[in-house]
Amino acid sequence: MKLRWSPTSPFARKVMVMIREKGIEGSLTLEKSNPLSREDRAATPNPLGKIPCLVTDDGEALYDSSVILQYLDAACDGPELLAPDGPARWTALRREALADGMIEAMVACFVESLRKPERQSAGWLAHNRSVALNAAAALEPEATDLAGRIDIGTISIAVALAYADHAFADEDWRSASPGLARWFEEFNARPSMTETVLVDARDFS
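In terms of the numbering used here, the sequence shown opens at residue 50 and continues consecutively.
Laid out in structure tokens, this is it:
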């Protein structure tokens with residue numbers, strides 16, 4: 050299998066964290082991509098020009114990160130990170146969807162920040178910042194249930210919160226979500242997280 054990825058992408062980081070948690074690093078060939086490069090976007094097997102994109106051993110291109118996570122969990126050995134059915138499965142997928150929405154809002158802010166200051170929309174930035182922070186606050190009541198759980202949902206949440214520290218360094222989301230903050234500090238110390246720290250896309254080449 051071949052994974053087209055970038056060290057700048059939080060969505061790609063979800064996949065990289067999962068690969069380490071399942072212990073399947075040797076099962077994939079990594080192909081690095083720069084999402085800010087028009088040529089790299091055109092070269093990806095994903096017709097949307099986005100990463101991550103997984104090419105299976107049969108040559109099928111799979112995207113986006115949620116589909117890739119489910120495929121790798123089903124196709125590869127290692128700990129099961131998504132229950133096959135029942136409430137645990139839907140809880141994990143719902144948490145992943147919330148985390149993905151949080152990431153999408155922060156990526157929207159990053160893209161807007163690439164525009165000239167006079168062309169940036171203060172309203173758009175404020176809206177997406179609010180979306181991301183509201184998502185973090187919504188997870189606070191679930192903090193106790195997250196403890197000790199390693200699955201697609203908790204991986205996605207951890208990556209989203211780590212990206213929040215990068216994208217909104219001036220925001221103190223922890224004060225409104227102390228339980229979530231304690232859980233995150235523990236999860237963020239896992240090797241799967243410390244070995245996949247993101248690079249700022251503006252510094253990547």
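Where a beta carbon is used, it is the ideal one built from N, C-alpha and C, also for glycine. For clarity, every value in this text was computed on a predicted model and none was experimentally measured.
Closest option to CYS158, judged by alpha-carbon separation, among VAL248, ALA213, PRO101: ALA213.
Judged by DSSP in its simplified three-state form, CYS158 adopts helix.
With fewer than 16 other beta carbons inside 10 angstroms of its own, LYS165 counts as exposed. DSSP places LYS81 in no alpha helix (DSSP H) but in the uninterrupted beta strand (DSSP E) bounded by 78 to 81.
When ALA124, LEU85, THR140 are compared, the shortest CA-CA separation from LEU195 is found for THR140.
Secondary structure remark: continuous alpha helix (DSSP H) runs of at least 4 residues inside the segment 120 to 193, in chain order: 136 to 162, 171 to 188. Only residues of its own chain outside the window of five on either side were considered, and among them GLY150, MET151, ALA154 have a CB closer than 8 angstroms to the CB of VAL180, listed in chain order.
With contact defined as three or more Cβ pairs closer than 8 angstroms, the segment 167 to 179 and the segment 232 to 247 are not in contact. Nearest in C-alpha terms to ALA148, of all of PRO128, ALA250, ALA211, ASP107, is ALA211.
Within the same chain, LEU52, TRP54 come within 7 angstroms of LEU79 by CB-CB distance, once the 5 residues on both sides are set aside. Going by DSSP, LYS71 is part of no beta strand (DSSP E) but of the alpha helix (DSSP H) stretching over 59 to 71. By the Cβ test, the segment 55 to 70 is in contact with the segment 106 to 116, since at least three Cβ pairs between them sit closer than 8 angstroms. With a 10 Å radius around the Cβ and a threshold of 16 neighbouring Cβ atoms, ALA218 comes out exposed. Listed in chain order, the non-local C-beta contacts of GLU244 below 7 angstroms within the same chain comprise ARG69, local neighbours out to five positions each way being set aside. For the pair GLY108 and PRO101, the Cα-to-Cα distance works out to about 15 angstroms. Residue pairing by DSSP puts ALA110 in a beta bridge opposite VAL104.
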